[in-house]
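J.: So in full-length UniProt numbering, spot 83 of the sequence shown is number 83, and the numbers just go up one at a time. The C-beta atom is built at its ideal place from N, Cα and C for all residues, glycine as well. Just passing along the structure, written as structure tokens.
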Amino acid sequence: MLVVGDNAPAEDGVVECNSKLDPTTTTFLKMADSGGLPQVTQPGKLTEAFKYFLQGMGYMPSASMTRLARSRTASLTSASSVDGSRPQPCTHSDSSEGMGQVNHTMEVSC
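Right, dumping it as structure tokens:
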């Protein structure tokens, strides 16, 4: 997993490195609004993004969402959710089907 902040001086290098790696075994996480070192400046945000990544991979199917994410997703889905189903977390995962290759990319803005 490669993690980079959207304003990091090494962002271009990390993107280039990611393009050279096998997309079936790597994941790229670009964090919005976290500066150059998201693990230092926004550790809670990085932890939440990583938790949702693991949940998306099926390792934590019943992970509880944080209060911030819960209130944000509840407000986004309350108008469209009549049956009271649990809202989905704010993650984004792209995959290319058919070729057997899966490329996971996440951009997080929490």
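Here's the rule I'm using: 16 or more other beta-carbon atoms within 10 Å means buried, otherwise exposed. How should Glu16 be labelled?
T.: Exposed.
J.: Please state whether DSSP places Gly5 in a helix, a strand or coil.
T.: Reduced to three states, the DSSP call for Gly5 is strand.
J.: Residue range of the alpha helix (DSSP H) that Leu21 falls in?
T.: Per DSSP, Leu21 belongs to no alpha helix (DSSP H) and is neither H nor E.
J.: So, do the segment 43 to 52 and the segment 9 to 24 have three or more beta carbon pairs nearer to each other than 8 Å?
T.: No, they do not touch.
J.: Where does Thr26 fall in DSSP's three states?
T.: If DSSP states are grouped into helix, strand and coil, Thr26 belongs with coil.
J.: Can you tell me which of Asp33, Ser34 and Ser19 puts its alpha carbon nearest to the alpha carbon of Met1?
T.: Closest option to Met1, Cα to Cα, is Ser19.
J.: Let me know if Tyr52 comes out buried or exposed under the rule of 16 or more other beta-carbons within 10 Å of its beta-carbon.
T.: The residue is buried, with at least 16 neighbouring Cβ atoms inside 10 Å.
J.: Excluding the 5 residues preceding and the 5 following Gln39 in the sequence, name in chain order all residues of the same chain whose CB lies nearer than 6 Å to its CB.
T.: Answer for Gln39: Leu46, listed in chain order.
J.: Quick check on the DSSP output: the alpha helix (DSSP H) that includes Ala49 runs from which residue to which?
T.: Start and end: Pro43 to Gly56.
J.: When we look at the beta-carbon of Ala49 and count the other beta-carbons within 10 Å, is it buried (16 or more) or exposed?
T.: With 16 or more Cβ atoms within 10 Å of its Cβ, Ala49 is classed as buried.
J.: Using the C-alpha atoms, what's the distance from Ala10 back to Met31?
T.: So the alpha carbons of these two residues sit roughly 13 Å apart.
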